[in-house]
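Here the structure is laid out as structure tokens; the discussion comes afterwards.
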Amino acid sequence: MSTKEAKQMDQALFDFYGKPSIGQALPLAIQHVLAMIVGCVTPSIIVAGVAGLSQEDSVILIQAALVMSALTTLLQLFPFIKTKSFRIGSALPVMMGISFAYVPSMQAIAADFDIATILGAQIVGGVIALLVGLNIKRIRKFFPPLITGTVVFSIGLSLYPTAINYMAGGASSKSYGAWQNWLVALITLVIVTVLNHYGKGVWKLASILIGIIGGYIVALFFGMIDFSSVAQASFFQLPKPMHFGIKFEPSACVAILFAINAVQAIGDFSATTTGSMDRMPTDEELTGGIVGYGISNIICAFFGGLPTATYSQNVGIVSTTKVVSRVVMGMAAVILLAAGLIPKFSSLLTTIPYCVLGGATISVFASITMTGIKLITTEPMDFRNTTVVGLAVAVGMGVTQANASLAQFPEWVTTIFGKSPVVLATIVAIVLNLTLPRTQKKAEK
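Below, the structure written as structure tokens:
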């Protein structure tokens, strides 16, 4: 290969439509997979635990998470309908994975109903996201950073009890609260924290994965792991459409969260283009991205895949490395797809003890909370804005923490507003932001 050809090959990494060699793209693709794979499957593990799924069904849910994350990523990278004014898919360098944003609501639905009801709510939410995408210019003004930040902040706060219960061994476990669980969880957390602050390169990017491996090894010495399910799992299996079924329960719909997450995805799309391409995304790219997000979540529901969203950690990798070739992200998606088609791999993930997951995910949940704070503080923290954020979070968290506060209301009210603080906090934040008078300084602008 000539020097000129080698230079062109290197430049291909920094061009979305560039075609780098497999040798160049594969290490970068693996880096993306390492950064996201734990976050991609953990929501499914959490929801499977709450729903009381069997080992076999848990594997199927995790398998669907990996396969659907891969396919939705490919849809964003390679739009299958693309004209000058419309597309399905953003054609931007993003990775899609199962979103933690819906975990609090999915836990509430799984506890009161089942997985099928989650998937039914997901279809309704996907339709809402599709409508948001088609009307993004009109709707965007209702979701400034103050609102999206408040929602993200509430999501982070609401996930802490899950992490702490997991660190203690899982609330349904006979060994809940045992010192062994806390020791393993703290070792996992220490590994993740140290690598996040002192690690470099792949050690930092894969800190959560490495932390889980370290905690897993310690858990082995305590006899916490049972490999019998891995031995029974097959080597290859296609996803099972409609395995869990689909049910529509009006009180379980989390459509408003899909609208919020659709708008929040604009932030990830914008961060990707500004950080790696030195420009803002076009209206066509944003519309295509959100429309693709809505359609893919509808399709995911039929295959048992939980809701997907853009993955911010992968946005960070793209912004840091400036590598935007869709070949790299596409290769990462293919690796996820291959992993999802191997039930033994999915089954191995179900053997991870709750205490290990808790030690790893509490740092993720803390990061989600701080992301919300960062979004909130992009706007002036005057009396009006602090009222919007403070009251929204107070009402949302307060009602769900006081378990019997809605006892005299119909059951559907409790399901919508009393199980997860996110929906109530979102509604309160939007209403306050629309009704409270703005400061004179802001009005003059």
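Heads up: the sequence shown runs through residues 0 to 444, numbered per numbering that gives the first Met the number 0.
Every residue gets a Cβ at the ideal spot worked out from N, C-alpha and C, and that includes glycine.
Would residue i and residue j qualify as a contact pair, given that the criterion is a beta-carbon distance under 8 Å?
{"i": "residue 160", "j": "residue 97", "result": "no"}
{"i": "residue 20", "j": "residue 349", "result": "no"}
{"i": "residue 324", "j": "residue 79", "result": "no"}
{"i": "residue 257", "j": "residue 339", "result": "no"}
{"i": "residue 386", "j": "residue 356", "result": "no"}
{"i": "residue 268", "j": "residue 435", "result": "no"}
{"i": "residue 307", "j": "residue 35", "result": "no"}
{"i": "residue 242", "j": "residue 303", "result": "yes"}
{"i": "residue 151", "j": "residue 376", "result": "no"}
{"i": "residue 88", "j": "residue 293", "result": "no"}
{"i": "residue 354", "j": "residue 164", "result": "no"}
{"i": "residue 63", "j": "residue 113", "result": "no"}
{"i": "residue 106", "j": "residue 45", "result": "yes"}
{"i": "residue 149", "j": "residue 388", "result": "yes"}
{"i": "residue 212", "j": "residue 352", "result": "no"}
{"i": "residue 445", "j": "residue 191", "result": "Summary: the structure shown does not reach residue 445, with the chain confined to residues 0 through 444, and so no result is reported for it."}
Using C-beta distances below 7 Å, list every residue in its chain close to residue i, excluding the 5 sequence neighbours before and after it, in chain order.
{"i": "residue 157", "result": "103, 419, 420, 421"}
{"i": "residue 217", "result": "183, 186"}
{"i": "residue 28", "result": "327, 330, 331, 334"}
{"i": "residue 423", "result": "394, 395, 398, 416"}
{"i": "residue 412", "result": "405"}
{"i": "residue 264", "result": "288, 289, 292, 308, 309"}
{"i": "residue 429", "result": "141, 146"}
I'd like the list of long-range same chain contacts for residue i, defined as Cβ closer than 6 Å, with 5 residues on each side in sequence excluded.
{"i": "residue 329", "result": "76"}
{"i": "residue 119", "result": "245, 246, 247"}
{"i": "residue 69", "result": "332, 335, 336"}
{"i": "residue 116", "result": "108, 246, 248, 251"}
{"i": "residue 295", "result": "71, 74"}
{"i": "residue 228", "result": "54, 346"}
{"i": "residue 17", "result": "11, 324"}
{"i": "residue 143", "result": "none"}
{"i": "residue 404", "result": "398"}
{"i": "residue 65", "result": "335, 338, 339"}
{"i": "residue 61", "result": "40, 43, 345, 348"}
{"i": "residue 238", "result": "63, 66, 302"}
{"i": "residue 52", "result": "none"}
Report the CB separation of residue i from residue j in whole angstroms; it is logged as a contact under 8 Å.
{"i": "residue 373", "j": "residue 234", "result": "Not quite, the Cβ-Cβ distance comes to about 44 Å (not below 8 Å), so this is no contact."}
{"i": "residue 271", "j": "residue 93", "result": "6 Å"}
{"i": "residue 359", "j": "residue 214", "result": "7 Å"}
With a CB to CB cut of under 8 Å and the five nearest residues on each side skipped, what residues in its chain are close to residue i?
{"i": "residue 195", "result": "203, 206, 362"}
{"i": "residue 286", "result": "85, 86, 132, 133, 135"}
{"i": "residue 300", "result": "118, 119, 121, 122, 125, 245"}
{"i": "residue 427", "result": "390, 391, 394, 395"}
{"i": "residue 198", "result": "206"}
{"i": "residue 38", "result": "96, 97, 99, 207, 310, 312, 363"}
{"i": "residue 240", "result": "301, 302, 303"}
{"i": "residue 174", "result": "168, 180"}
Just grab the DSSP bridge partners of residue i for me.
{"i": "residue 96", "result": "308"}
{"i": "residue 81", "result": "86"}
Reducing DSSP to helix, strand and coil, say where residue i ends up.
{"i": "residue 383", "result": "helix"}
{"i": "residue 351", "result": "coil"}
{"i": "residue 129", "result": "helix"}
{"i": "residue 238", "result": "coil"}
{"i": "residue 435", "result": "coil"}
{"i": "residue 378", "result": "coil"}
{"i": "residue 139", "result": "helix"}
{"i": "residue 232", "result": "coil"}
{"i": "residue 32", "result": "helix"}
{"i": "residue 358", "result": "helix"}
{"i": "residue 172", "result": "coil"}
{"i": "residue 111", "result": "helix"}
{"i": "residue 416", "result": "helix"}
{"i": "residue 282", "result": "helix"}
{"i": "residue 189", "result": "helix"}
{"i": "residue 321", "result": "coil"}
{"i": "residue 52", "result": "coil"}
{"i": "residue 16", "result": "coil"}
{"i": "residue 423", "result": "helix"}
{"i": "residue 152", "result": "helix"}
{"i": "residue 407", "result": "coil"}
{"i": "residue 224", "result": "coil"}
{"i": "residue 158", "result": "helix"}
{"i": "residue 330", "result": "helix"}
{"i": "residue 69", "result": "helix"}
{"i": "residue 245", "result": "coil"}
{"i": "residue 251", "result": "helix"}
{"i": "residue 401", "result": "coil"}
{"i": "residue 289", "result": "helix"}
{"i": "residue 105", "result": "helix"}
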